[in-house]
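Chains as they are written, first to last, in our numbering: chain A, 112 to 404; chain B, 19 to 360. Here's the structure, in structure tokens; my notes come after.
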Amino acid sequence: MDSKPKSLNLPHEISFYRRAVNSLVVGAAGLAVFLVLLPLGAIFAYLVYKGIGSVNWAFLTQTPKPVGEPGGGMANAIGGSVYILLIASAMGVPLGIGAGIFLSEYGRNHFGNFVRFTADVLNGVPSIIVGIVAYGLVVLTQGHFSALAGGVALAIMMIPTIARTTEAMLLLVPIQVREAAYGLGVSRWRTTLSITLRTATSGVITGVMLAFARVAGETAPLLFTAFGNQYWNWKANQPTAALSLQIFSYAISPFDEWHRQAWGGALILIILIVVSVTAVRVAAGRGMLRGAN
Amino acid sequence: MSNGALGAPHLPRSQPLAKPGIALVSARRQSLLRAGDSRIADQIFYYLMLACGASILALVVLIVYELITKSSLSWHAFGFKFFFASDWDPVNDKYGALPFVYGTIVSSFLSLLIAVPLAIGTAVFVTELSPRWLRTPLAFTTELLAAIPSVIYGLWAIFVLVPILRQYLQPWLAKYFGWTTLFEGPPYGIGMLAAGIILAIMILPIISSITREVMTAVSQQQREAVLALGATRWEMIRIGVLRNARAGILGGIILGLGRALGETMAVTMVIGNRPEIAKSLFAPGYTMASVIANEFSEATGDTYLSALVEVGLALFLVTIIVNSLAQVLVWSVTRGMPTRNG
């Protein structure tokens with residue numbers, strides 16, 4: 112009998128044209144992936160290839176030498192970056208987590224939506240603008256460029272990121288966990304801090320690290336806040352060197368020796384970022400942090 | 019009043035039952051207990067968290083206030099002409115921002131032109147085509163692109179991308195596409211084209227990850243329905259997925275545009291920093307973000323500084339509008355708020 116419906120033989124009915132378009136698109140998508148991975152591979156390869164030669168003990172322990180003198184290092188820039196990031200985290204992390212708690216625990220209303228939207232907008236504000244604002248707020252008030260101004264600029268950039276990830280992580284904690292705590296007579300604020308936040312600790316820390324990694328390499332907001340410095344500085348009201356600033360000024364300089372050092376600095380910076388993020392990710396993933404589940 | 023144990027029926031109904039073991043308390047003491055229980059602490063905690071949340075609003079207000087007050091000098095001196103005049107002359111205190119506006123727009127759109135097809139192609143591959151085991155590594159690797167600091171992109175662009183452009187790509191473009199007059203002039207390497215390419219690499223991850231996100235949000239039934247009608251893989255993606263996710267994808271693209279507009283360091287390092295309007299993509303240019311980066315800390319004179327802040331204000335407003343538009347579009351597909359119990 113040939114009453115067998117033809118439509119069951121699907122593959123034979125798809126025309127050559129349609130099949131050709133299909134394979135063409137699949138091929139194009141694969142090519143796109145390749146073209147995206149190409150620069151990524153190239154950047155990392157060059158960082159290692161160019162940077163590894165310039166990173167040595169002197170590079171990690173000495174301050175920059177004047178032009179023409181070989182040697183010297185970026186120790187003060189590495190220290191300065193860490194210093195500025197600590198100032199930024201001290202301000203940005205508590206505020207960001209607080210805002211995240213507000214959004215998830217008290218923000219299921221119009222005002223919460225408004226804050227949520229504003230946080231996303233603040234997230235998209237160009238970093239150079241944040242630099243201008245920190246300049247106006249801190250540098251003009253203090254009278255000079257300073258580590259504090261750099262920290263304020265970076266903190267402003269951390270807050271919305273931390274707030275949004277904290278919110279997302281707290282919402283992952285089932286409502287029943289909260290209800291169980293209320294049922295035992297635990298007050299709301301204790302529940303939020305000791306039950307909800309603690310359950311979500313690993314996620315919240317991941318969010319903080321992402322924000323940290325995002326601002327760790329920022330240069331634009333530091334240009335006229337931290338400003339840079341050829342020497343060590345630990346005073347919060349004085350100009351301070353930063354790794355990213357040093358890379359920038361060395362990269363656009365005309366000296367080969369400085370170019371070499373810029374690659375070294377870039378390698379150190381990327382290692383700092385990648386190592387800190389992966390370490391925390393791994394720790395959080397394995398439940399090594401308190402409260403991780 | 020009588021005490022609680024005997025007088026229980028006399029208590030107003032709304033009053034909570036006393037805790038076991040402390041049943042014999044006066045109403046006065048009960049209310050104190052209730053307050054001490056947590057009400058005040060809860061209130062304080064609420065207001066603290068509210069303050070943290072409101073600090074985000076305050077920051078945005080602060081940014082707007084700073085930018086407006088610090089740019090008023092330039093605004094009063096030049097008015098709207100500021101954005102249509104093309105002479106940037108600090109020596110004679112005359113400022114026109116047109117070359118920067120032009121450079122920002124051209125470099126951003128050039129980067130979108132390069133990045134959008136690649137980003138969507140990658141997202142399609144990762145969500146719909148790639149073998150399951152390859153998905154997470156691929157997604158993670160594209161995200162890695164987003165973790166590289168702008169200054170490192172700039173460094174790489176100066177020493178790797180620009181020489182490649184100068185030696186290979188630009189001569190080739192000039193030879194075969196010179197007739198478009200877009201690729202004229204000496205191939206310096208540094209210039210608008212280099213800025214566009216490095217920007218494209220930088221905005222790829224954001225466009226790609228949002229596209230992935232909205233494509234994943236399209237329900238599985240849509241795909242199955244289209245497949246059941248006899249569609250090929252691509253037809254399923256086109257009709258079942260891309261069409262349903264298009265608003266979100268557009269949002270992702272616009273978000274990428276927002277990034278490109280405000281991106282500073284990498285662009286500053288390769289665009290050439292010359293305030294000129296040239297048709298050729300080989301020519302050096304200047305962007306709004308770059309001029310602030312280069313000249314802000316050296317700006318002498320109040321009008322000069324004020325003019326730079328006004329450039330910043332314009333950049334801020336444009337990115338706000340662009341980003342808000344993008345948010346609305348993405349929210350229209352993914353419904354915004356993260357949901358409870360993921």
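Just so it is clear, CB atoms sit at the ideal spot from N, CA and C, and this is done for glycine as well.
Query raised in the report: leucine 186 of chain B to isoleucine 163 of chain A, Cα distance in whole Å?
Result: Note on residue identity: the sequence assigns tyrosine, not leucine, to residue 186 of chain B. Their backbone Cα atoms lie some 28 Å apart in a straight line.
Query raised in the report: What are the boundary residues of the alpha helix (DSSP H) that leucine 77 of chain B is part of?
Result: From DSSP, the alpha helix (DSSP H) with leucine 77 of chain B extends over 58 to 96.
Query raised in the report: Quick one: is proline 175 of chain A buried, meaning 16 or more other Cβ sit within 10 Å of its Cβ, or exposed?
Result: Buried: at least 16 other Cβ atoms inside 10 Å.
Query raised in the report: Closer than 9 Å, CB to CB, is valine 169 of chain B near chain A or not?
Result: Chain A contact via Cβ: present.
Requested in this report: Measure how close the beta-carbons of leucine 183 of chain B and glycine 207 of chain B come, nearest whole angstrom, since I'm counting them as under 8 Å.
Outcome: Indeed they touch by this definition, with Cβ atoms about 5 Å apart.
Report task. Could you list which residues in chain A have their beta carbon closer than 8 Å to that of aspartate 320 of chain B, in chain order? Result -> The contacting residues do not exist; aspartate 320 of chain B stays about 12 Å from chain A at best.
Report task. For alanine 344 of chain B, I'd like the list of residues in its chain whose CB is within less than 7 Å of its CB, leaving aside the five on either flank, ordered along the chain. Result -> Closer than 7 Å at the Cβ level, and outside the excluded window around alanine 344 of chain B, lie Gly269, Ile272, Leu273, Gly276.
**Report entry** C-beta neighbour in chain A for tyrosine 64 of chain B, strict 9 Å
**Finding:** Yes, because at least one Cβ of chain A sits closer than 9 Å to the Cβ of tyrosine 64 of chain B.
Query raised in the report: Can you tell which of B:Leu179, B:Glu161, B:Phe118 has the C-alpha that lies nearest to the C-alpha of threonine 395 of chain B?
Result: This structure cannot settle anything about residue 395 of chain B, because the visible part of chain B is limited to 19 through 360.
Query raised in the report: Got a sec? Which residues, its chain only, sit under 6 Å from tryptophan 343 of chain A by beta carbon, not counting five neighbours each side?
Result: Spatial neighbours of tryptophan 343 of chain A in its own chain (CB-CB distance under 6 Å, excluding positions within 5 residues in sequence) are listed in chain order as Asn187.
Query raised in the report: Which first and last residues belong to the alpha helix (DSSP H) in which histidine 255 of chain A is found?
Result: For histidine 255 of chain A, no alpha helix (DSSP H) segment is defined, and its DSSP state is neither H nor E.
Query - CA nearest to the CA of threonine 272 of chain A, picked from A:Gly209, A:Met185, A:Ile125 - result: Considering only alpha carbons, the answer is A:Gly209.
Query - Spatial distance of leucine 378 of chain A from arginine 219 of chain A (CA atoms) - result: About 43 Å.
Query raised in the report: DSSP state of proline 204 of chain B, grouped into three classes?
Result: Coil at proline 204 of chain B, not helix or strand.
Query raised in the report: In chain A, what lies closer than 7 Å to methionine 283 of chain B by C-beta?
Result: For the C-beta of methionine 283 of chain B, the chain A residues within less than 7 Å are, from N- to C-terminus, Thr330, Ala331, Phe359.
Query raised in the report: Is there contact between the stretch 319 to 326 of chain A and the stretch 335 to 353 of chain A, where contact requires at least three CB pairs shorter than 8 Å?
Result: Segments in contact, no.
Query raised in the report: Helix, strand or coil: which one does DSSP assign to lysine 193 of chain B?
Result: Helix.
Query raised in the report: How about isoleucine 40 of chain B: is its C-beta nearer than 9 Å to some C-beta of chain A?
Result: Below a pLDDT of 50, predicted positions are generally treated as unreliable, and isoleucine 40 of chain B, at 49, falls in that range; the measurement from the model is reported next regardless. Cβ-Cβ to chain A under 9 Å: no for isoleucine 40 of chain B.
Query raised in the report: What first and last residue would you give for the alpha helix (DSSP H) that runs through lysine 161 of chain A?
Result: First-last of the alpha helix (DSSP H) with lysine 161 of chain A: 127 to 162.
Query - Alpha-carbon spacing of isoleucine 286 of chain A relative to serine 305 of chain A, whole angstroms - result: Those two C-alpha atoms are separated by around 15 Å.
Query - Rounded C-alpha distance that separates glutamate 290 of chain A from isoleucine 154 of chain A - result: Put simply, the backbone Cα of glutamate 290 of chain A is about 50 Å away from that of isoleucine 154 of chain A.
Query raised in the report: Apart from the five residues on each side of it in sequence, which residues of its chain come closer than 8 Å, Cβ to Cβ, to isoleucine 81 of chain B?
Result: Closer than 8 Å at Cβ, skipping near neighbours: Phe334.
Query raised in the report: For threonine 286 of chain B versus alanine 311 of chain B, is the C-beta distance shorter than 9 Å?
Result: Yes, the Cβ-Cβ distance between threonine 286 of chain B and alanine 311 of chain B is below 9 Å.
Query raised in the report: If you draw a straight line from the alpha carbon of isoleucine 123 of chain B to that of phenylalanine 102 of chain B, how long is it in whole angstroms?
Result: Taking the straight line joining both Cα atoms gives about 14 Å.
Report task. Would you mind working out which of B:Ala95, B:Tyr64, B:Val134 sits nearest serine 227 of chain B, comparing C-alpha positions? Result -> When B:Ala95, B:Tyr64, B:Val134 are compared, the shortest CA-CA separation from serine 227 of chain B is found for B:Val134.
Requested in this report: Determine which residues of the stretch 294 to 325 of chain B have a Cβ less than 7 Å from any Cβ of chain A, and write them out in chain order.
Outcome: Of all residues in the stretch 294 to 325 of chain B, Ala307, Ile310, Ala311, Phe314, Ser315 have a Cβ within less than 7 Å of some Cβ in chain A.
Query raised in the report: Cβ of proline 135 of chain B less than 9 Å from any chain A Cβ?
Result: Taking Cβ atoms only, chain A reaches closer than 9 Å to proline 135 of chain B, which makes this a yes.
Query raised in the report: Within 9 Å (strictly less), CB to CB, does proline 177 of chain A reach chain E?
Result: Checking the listed chains, one finds no chain E in this structure; the protein chains it contains are A and B.
Query raised in the report: Taking just the CA atoms, how far does arginine 153 of chain B sit from glycine 247 of chain A?
Result: Taking C-alpha positions only, glycine 247 of chain A is separated from arginine 153 of chain B by approximately 46 Å.
Report task. Measuring only between beta-carbons, confirm whether glycine 280 of chain B sits less than 9 Å from chain A. Result -> Yes, glycine 280 of chain B counts as interfacial toward chain A.
Requested in this report: Going by CA-CA distance only, name the one from A:Tyr194, A:Ala156, A:Tyr128 that's closest to valine 178 of chain B.
Outcome: Of A:Tyr194, A:Ala156, A:Tyr128, the residue nearest in Cα terms is A:Ala156.
Query raised in the report: How would you list, in chain order, the residues of chain B whose beta-carbon sits under 7 Å from the beta-carbon of valine 288 of chain A?
Result: Going along chain B, no residue has its Cβ under 7 Å from valine 288 of chain A, so there is no contact; the nearest lies around 11 Å.
Requested in this report: Could you pull out every residue in the same chain whose Cβ sits closer than 6 Å to the Cβ of glycine 376 of chain A, ignoring the five residues on either side in sequence?
Outcome: Cβ neighbours of glycine 376 of chain A beyond the five flanking positions: Met185, Leu354, Gln357, Ile358.
Query raised in the report: Going by the CB atoms, is the gap between alanine 390 of chain A and glycine 190 of chain A shorter than 9 Å?
Result: The Cβ-Cβ distance between glycine 190 of chain A and alanine 390 of chain A does not fall below 9 Å.
Query raised in the report: Should valine 288 of chain B be labelled buried (16 or more other beta-carbon atoms within 10 Å of its own) or exposed?
Result: It is buried - the Cβ of valine 288 of chain B has at least 16 other Cβ atoms within 10 Å.
Query - arginine 264 of chain B versus serine 56 of chain B: straight-line alpha-carbon distance, rounded - result: Rounded to the nearest angstrom, the two C-alpha atoms are 49 Å apart.
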